[in-house]
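Quick mapping for you: the protein sequence lines, in order, are chains X and V. Going by our numbering, the first residue of the first sequence is number 1, and it counts up by one from there. Going by our numbering, the first residue of the second sequence is number 1001, and it counts up by one from there. Quick reminder that beta carbons are idealized off the backbone N, C-alpha and C, glycines included. Predicted model, so just to flag it, every value in this text is computed and none were measured.
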Amino acid sequence: MARLYTVKVVVANKEGASDPEGETVYRDLVSKSGFSKVKSIRTGKFLKVSVEAPDASSAKRIVQRMCDELRIYNPAAHSITVEV
Amino acid sequence: MSLESTTLPPTPSRLRCSSTRAKVAVVRFPGSNCDLDAVQALRTLDSVKADLVWHEEPTIGEYDAVVLPGGFSFGDYLRAGAIAARSPALERITAVADQGLPVLGICNGFQILIEAGLLPGALLRNASLRFVCRWVNVRVDNDSTSFTKNMKEGDVLHLPIAHNEGRFYASKEELATLNREGRVVFRYCDGDGHVSSSANPTGTLDNIAGISNKRGNVVGLMPHPERATEEVLSPFGDSDGSLIFKSMLGIE
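As structure tokens, this is what we get:
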């Protein structure tokens, strides 16, 4: 029986790749506002996907394939995490 | 909300030294790009001394009026205006506003005033998801603010817009308060002053193009008056933008 799963996708700049938006949010907002325990910030994009699938692992597989085939992220610059 | 709040108090010229030239600060953030246009627009007016002031300058608090110009402050990272809104400049500008002196936010400056809480609501991405860049008609809906004294309610101004996040949004309650207190200053309209959805360039709530604070001395608007202060700049051959600066500075 197929049912509806919610799959969460986070697209972020690859580790080591520069992230000017995260750096600016950290440098010009957070680090100047007294949150000294915060050491760095990376930004990304979040997609919440509703997908019909027989089980959670197929739901995750469908979304992973969608992200790859449709270039929801650019593998040259981004990495993604997919969670059901 | 009490009934007293239905009409704004008359806004006399609150400049500190009406006998000498009014000193106006145009605040430049990293990423501002309409700052020089604003300075130029102000300098075409007699009796005005317009300075370009870097956002870190403590002297911002010493001016008779402050203009926050358009652009992409801090890259518009996080949200348009969100980082500039937390900079020390905005503490100083809030102090200027608290004295009843005029503070004008244009485009990104409007976004900053909203993010800083000096004006209510939010400016979201245009409904078309496109950057909209064109001349529009703007109706004056309140002629008693610091910025519209030289106009009459119902006047139609020709001004250009150029932005991606200009779709004003407020909750039902906030919108009712803005309307009740006469704080919607400008609405997009057709050439005859009729407000309609076909004259709404961005999907903004109730065609709202500009609003004021309760006191009427802080105004933000998405259109660019500084790009419409000389006849040669306007396809309509007028200089409607200068009306806003003249009103703000008490010039007839």
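Terminal residues of the continuous beta strand (DSSP E) containing residue i?
i                  : result
Phe46 of chain X   : Gly44 to Ala53
Ser1212 of chain V : Ile1208 to Ser1212
Leu1221 of chain V : Val1218 to Leu1221
Leu1159 of chain V : Val1156 to His1163
Residues in its own chain within less than 8 Å of residue i by CB, not counting five upstream and five downstream?
i                  : result
Asp1051 of chain V : Lys1023, Val1024, Ala1025, Val1026, Val1039 and Tyr1063
Glu1252 of chain V : Asn1150 and Lys1246
Ala1122 of chain V : Ile1114, Phe1168, Tyr1169 and Ala1170
Buried or exposed: where does residue i fall if 16 or more other Cβ atoms within 10 Å of its Cβ makes it buried?
i                  : result
Pro75 of chain X   : exposed
Val38 of chain X   : exposed
Arg1183 of chain V : buried
Ser1002 of chain V : Residue confidence for Ser1002 of chain V is low, a pLDDT of 40 falling below 50, so the modelled location carries little weight; the figure read from the coordinates is stated next. Under this definition Ser1002 of chain V is an exposed residue.
Ser18 of chain X   : exposed
Leu1104 of chain V : buried
Gln1099 of chain V : exposed
Thr1007 of chain V : Confidence is the limiting factor: at Thr1007 of chain V the pLDDT is only 46, short of 50, which leaves the residue's position unreliable, though a coordinate-based value still follows. It is exposed - the Cβ of Thr1007 of chain V has fewer than 16 other Cβ atoms within 10 Å.
Phe1147 of chain V : buried
Met1248 of chain V : buried
Leu1159 of chain V : buried
Pro1069 of chain V : buried
Asp28 of chain X   : buried
Met85 of chain X   : Since the first residue shown for chain X is 1 and the last is 84, residue 85 of chain X is missing from the structure and cannot be characterised.
Phe1029 of chain V : buried
DSSP has residue i in a bridge; who is on the other side?
i                  : result
Tyr5 of chain X    : X:Val51
Arg1187 of chain V : V:Arg1139 and V:Ile1208
Phe1254 of chain V : Outside the shown range of chain V, which is 1001 to 1252, sits residue 1254 of chain V, and nothing can be said about it.
Leu1306 of chain V : Not covered by the structure: residue 1306 of chain V. The range shown for chain V is 1001 to 1252.
Cys1034 of chain V : Partner(s): none; Cys1034 of chain V has no beta bridge.
Pro75 of chain X   : Note: Pro75 of chain X sits in no beta bridge, so no partner.
Cys1133 of chain V : V:Ala1162
Leu1052 of chain V : V:Val1026
Val63 of chain X   : None, per the DSSP bridge assignment.
Glu83 of chain X   : X:Lys8
Asn13 of chain X   : X:His78
For the alpha helix (DSSP H) holding residue i, just list the boundary residues, first then last.
i                  : result
Ile1114 of chain V : Asn1108 to Glu1115
Thr1094 of chain V : Pro1088 to Asp1098
Leu1243 of chain V : Gly1241 to Met1248
Gly22 of chain X   : Pro20 to Thr24
Glu1062 of chain V : Premise fails: Glu1062 of chain V is in no alpha helix (DSSP H) and is neither H nor E.
Within a Cβ cutoff of 6 Å, which residues of the same chain sit near residue i, ignoring the five residues on either side of it in sequence?
i                  : result
Val1195 of chain V : Arg1187, Cys1189 and Asn1207
Ser1239 of chain V : Thr1229, Glu1230 and Glu1231
Val1067 of chain V : Val1026, Ala1038 and Leu1104
Gly1071 of chain V : Gly1031, Ser1032, Asn1033, Cys1034 and Asn1108
Pro1102 of chain V : Ala1065, Ser1146, Asn1217 and Met1248
Between which residues of its own chain and residue i is the CB-CB distance below 7 Å, once the five residues before and five after are set aside?
i                  : result
Lys45 of chain X   : Val11
Ala1127 of chain V : Arg1167, Thr1202 and Gly1203
His78 of chain X   : Val11, Ala12, Asn13 and Lys14
Pro1235 of chain V : Trp1135
Ile62 of chain X   : Val51 and Ala53
Val60 of chain X   : Val is not the amino acid found at residue 60 of chain X; the sequence shown has Lys there. The residues are Val7, Val82 and Val84.
Original post:
According to a CB-to-CB cut-off of less than 8 Å, which residues of the region 13 to 30 of chain X neighbour chain V?
Top reply: Taking 8 Å as the Cβ-Cβ cut-off against chain V, the residues of the region 13 to 30 of chain X that qualify are Pro20, Glu21, Thr24, Val25, Asp28 and Leu29.
Original post:
Going along the region 1019 to 1038 of chain V in order, which residues come within less than 7 Å of chain X, judged by CB to CB distance?
Top reply: none
Subject >> Near-chain X residues of the region 1072 to 1088 of chain V (beta-carbon distance less than 7 Å), N- to C-terminal order >> reply: Phe1074, Gly1075, Tyr1077, Leu1078, Ile1083 and Arg1086
**OP:** Could you run through the region 31 to 50 of chain X and flag, in chain order, every residue whose CB is less than 9 Å away from some CB of chain V?
**Re:** Lys32, Ser33 and Thr43
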